[in-house]
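Below is one structure, written out as structure tokens; comments come after it.
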Amino acid sequence: NAKTWERDRRNRMNSYFKTLGDLLPPQQEGRKRNKVDILIHATKYIKDLTSRTEELFHANAGDAQ
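In this note's numbering, the protein residues as written are 80 to 144.
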């Protein structure tokens with residue numbers, strides 16, 4: 080029924096938010112991240128990792144020449 084489907088959907092979403100939050104670097108002790116914080120930090124973290132990857136790629140390409 081609809082209630083069961085919605086509860087399962089919320090449980091799946093919460094599970095994925097927890098997994099995503101666990102993949103992020105640690106933050107201040109004793110402070111739990113809410114879902115919006117997780118999305119904001121994940122977005123920043125992915126952008127930072129992408130930038131670092133590009134920098135390393137270009138640095139290694141320069142070393143190869």
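The beta carbon of each residue, even a glycine, is placed where N, CA and C say it ideally should be.
{"Item": "Reduced DSSP secondary structure (H/G/I, E/B, other) of Gly100", "Value": "helix"}
{"Item": "Coarse secondary structure for Gly109, derived from DSSP in three states", "Value": "coil"}
{"Item": "Nonlocal neighbours in the same chain, by C-beta distance under 8 angstroms from Gln106, ignoring five residues either side", "Value": "Arg112 and His120"}
{"Item": "Expected contact under 8 angstroms - CB spacing of Val117 and Leu128 to nearest Å", "Value": "Per the sequence shown, residue 117 should be read as Ile rather than Val. Actually they are not in contact, since the Cβ atoms of Ile117 and Leu128 sit about 16 angstroms apart, beyond 8 angstroms."}
{"Item": "Spatial distance of Glu108 from Asp101 (CA atoms)", "Value": "14 angstroms"}
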